[in-house]
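Peer 1: For what it's worth, my numbering labels the leading residue of the sequence shown as 23, then goes sequentially.
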Amino acid sequence: MSDNLKAGVTRACFYDPAINRTYADMAAHYATAVVPARPRKPRDKAKVEAAVLLAERWILARLRNRQFFGLDALNAAIRPLLDQLNGKLSRHLGASRRDLFERLDKPALKPLPAEPYVYADWKQCRVGLDYHVDVGRHYYSVPHQLLKQKLWVRITARTVEIFFEGKRVAAHARTSGNRQHSTHRNHMPPNHRFRTDWTPERIRRLAARIGPSTEAFVEVVMRERKHPEQGFRTCLGVIRLAKTFGRDRLEAACDRALAINARSYSSLQSILKNGLDRVPRTPATDEPAITHPNIRRPKGAPRMNGPPPARRSVCGCPLLGK
Numbered sequence: 023m024s025d026n027l028k029a030g031v032t033r034a035c036f037y038d039p040a041i042n043r044t045y046a047d048m049a050a051h052y053a054t055a056v057v058p059a060r061p062r063k064p065r066d067k068a069k070v071e072a073a074v075l076l077a078e079r080w081i082l083a084r085l086r087n088r089q090f091f092g093l094d095a096l097n098a099a100i101r102p103l104l105d106q107l108n109g110k111l112s113r114h115l116g117a118s119r120r121d122l123f124e125r126l127d128k129p130a131l132k133p134l135p136a137e138p139y140v141y142a143d144w145k146q147c148r149v150g151l152d153y154h155v156d157v158g159r160h161y162y163s164v165p166h167q168l169l170k171q172k173l174w175v176r177i178t179a180r181t182v183e184i185f186f187e188g189k190r191v192a193a194h195a196r197t198s199g200n201r202q203h204s205t206h207r208n209h210m211p212p213n214h215r216f217r218t219d220w221t222p223e224r225i226r227r228l229a230a231r232i233g234p235s236t237e238a239f240v241e242v243v244m245r246e247r248k249h250p251e252q253g254f255r256t257c258l259g260v261i262r263l264a265k266t267f268g269r270d271r272l273e274a275a276c277d278r279a280l281a282i283n284a285r286s287y288s289s290l291q292s293i294l295k296n297g298l299d300r301v302p303r304t305p306a307t308d309e310p311a312i313t314h315p316n317i318r319r320p321k322g323a324p325r326m327n328g329p330p331p332a333r334r335s336v337c338g339c340p341l342l343g344k
C-alpha cells in the first residue's frame, strides 16, 4: 500500500487509480500488488505511519547529536538500534517484531526472481511518416503498418522495446541521441515504399515547385541517409517552412545553406529566423591581409615595411654601429 505520490501513482482515483508504468513494471517483476491508499485518507495505512514514527523515536532521535561522514558509518550505527527495536517485546502483541516475522511473514515469503530487476522508463510516442519513433534524439523503426499510431516505448540502459496494444512490436539496442536511425529491414515495405503517395520522386517534385535550390537541398538530405525514406521527415519539414517564411525566402535560405554546407532542418530554420537569407554573401577575395603598425606579425615572419628595429644591449640601451 503506497501513497499517491507521482513516482507511484500517475492519476489518483478512488475506483481506478493509474499506477506509474515504471512502478508497475517493478511490482510485476517481484509478483507484488500495488494498492494505493485513498487520497487524503492517512488512516488507510495507519500501521505504516506508526512504524515510521517508531523508527524516528527509537533510532533517528538517538542519533540526532552524532555526525557521520559516510553511508557505511551511518548504517553501522543504525544496525544495533534496529535490532534492539525489533527484539523489543510488544505489550499489545505479546511478542517481539522479530518473533512475529519469523513465525508469520517468513514462511509466506517467495524466492526472489532468477533475473535481477532492470529499471526502465516508459514513454508514449507517435509513429512518423518514416515508420520511426523519436526516443532520446534517435529514431527507431517499427513495422510500417503502424504509421501514425501511438505506441508505448520501454527504455532501459541498453534496449528500446516498443509496444502496441500490449504486444511488443519492435526491439532495438539503445543508441545515444545523434539524430541517426536504427532500422530493421523487416519493418520496411517492399522497395521502401511505405506509403503509395509518398516517394522520393514526389518529395523532389514538391521541392522543385519552390525552386532549384530547395530541390537540391532535399536531394542532398535524402542522398546522405542510408535509405531515402529516412530523410522524408526532414524534407517535409523543409518544404513546410515555405508556409511560414514564403517560397522566395526558403529558396534563398536553401541556396545559402548549400553554400556553407549546412544540411540539417535546424540549420535552415536558423538561417530563416535570423534573416541570413536576406544578407548578400560576400565573395572571397585574394587581397593580401591588412598591414598596420598596431598588428603584430607572426613570430619569425619577415618584416613587410619600415626600417629594421634598432639593436639594443641587454640593459635596453641602443648600440652604435651596424
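From the three backbone atoms N, C-alpha and C, an ideal C-beta is built for every residue, glycine too. For clarity, every value in this text was computed on a predicted model and none was experimentally measured.
Report the residue ranges of all alpha helix (DSSP H) runs contained in full by the stretch 207-289; include only those spanning at least 4 residues, in chain order.
Peer 2: 222-232, 234-245, 254-267 and 269-281
Peer 1: DSSP three-state call for Y52: helix, strand or coil?
Peer 2: coil
Peer 1: So, is E273 buried or exposed, given that buried needs 16 or more other C-beta atoms within 10 angstroms?
Peer 2: buried
Peer 1: Is it buried or exposed for C257, if we count other Cβ within 10 angstroms and need 16 for buried?
Peer 2: buried
Peer 1: By Cβ distance, which residues of its chain are closer than 8 Å to A59, with the 5 residues on each side in sequence left out?
Peer 2: By the criterion of a C-beta distance shorter than 8 Å, A59 is surrounded in its chain by M23, S24, D25, N26, D66 and K67, once the five residues flanking it on both sides are discounted.
Peer 1: Decide if P165 is buried, meaning its Cβ has at least 16 other Cβ atoms within 10 Å, or exposed.
Peer 2: buried
Peer 1: In angstroms, rounded to a whole number, what distance separates the CA positions of L131 and C147?
Peer 2: 38 Å
Peer 1: Which residue wins for smallest C-alpha separation from N296, given the options A281, R271 and R285?
Peer 2: R271
Peer 1: For L111, which three-state DSSP category applies?
Peer 2: strand
Peer 1: Could you name the residues that DSSP lists as bridge partners for I177?
Peer 2: D143 and V182
Peer 1: Helix, strand or coil for Y45? Go by DSSP, reduced to three states.
Peer 2: helix
Peer 1: Reducing DSSP to helix, strand and coil, say where Q70 ends up.
Peer 2: The sequence shown places Val at residue 70, rather than the Gln named in the question. V70 carries a helical assignment under DSSP once its states are collapsed to helix, strand and coil.
Peer 1: For A83, which of helix, strand or coil comes out of DSSP?
Peer 2: helix
Peer 1: With DSSP as the reference, label A40 as helix, strand or coil.
Peer 2: strand
Peer 1: Please state whether DSSP places A77 in a helix, a strand or coil.
Peer 2: helix
Peer 1: Within the continuous beta strand (DSSP E) that includes R190, where are the two ends?
Peer 2: K189 to A195
Peer 1: With DSSP run on the structure shown, which of helix, strand or coil describes D152?
Peer 2: coil
Peer 1: Please state the DSSP three-state secondary structure of H160.
Peer 2: coil
Peer 1: Thinking A279 and L290 are a contact (beta carbons under 8 Å), I'd like their distance in whole angstroms, please.
Peer 2: 5 Å
Peer 1: Are the stretch 82-95 and the stretch 172-187 in contact at 8 Å, needing three or more beta carbon pairs?
Peer 2: no
Peer 1: Run the CB neighbour count on Q167, radius 10 Å, all protein chains shown included, and call it buried at 16 or more, exposed below.
Peer 2: exposed
Peer 1: By alpha-carbon positions, which one of L111, I282 and I81 ends up nearest to A98?
Peer 2: When C-alpha distances from A98 are compared across L111, I282 and I81, the shortest belongs to I81.
Peer 1: Relative to the alpha-carbon of R226, which residue among L126, E251 and A192 has its alpha-carbon at the smallest distance?
Peer 2: E251
Peer 1: Within 10 angstroms of its Cβ, does N42 collect 16 or more other Cβ (buried), or is it exposed?
Peer 2: Classification of N42: buried, given that the 10 Å Cβ count is 16 or more.
Peer 1: Using only the alpha-carbon positions, how far apart do L122 and A73 sit?
Peer 2: 15 Å
Peer 1: Hey, how far is the Cα of A49 from the Cα of P39?
Peer 2: Those two C-alpha atoms are separated by around 15 Å.
Peer 1: Just to confirm before moving on: does the CB-CB distance between L298 and F267 stay below 8 Å?
Peer 2: no
Peer 1: Just to confirm, is the Cβ distance from Y162 to H114 under 8 Å?
Peer 2: no
Peer 1: Alpha carbon to alpha carbon, how far is V157 from G199?
Peer 2: 8 Å
Peer 1: With a cut-off of 8 Å, does the C-beta of F254 fall near any C-beta of chain D?
Peer 2: Absence of chain D from the displayed structure is noted, only one protein chain being present.
Peer 1: By how many angstroms is the C-alpha of R201 removed from the C-alpha of S288?
Peer 2: 12 Å
Peer 1: Rounded to a whole number of angstroms, what is the C-alpha to C-alpha distance between N283 and L96?
Peer 2: 58 Å
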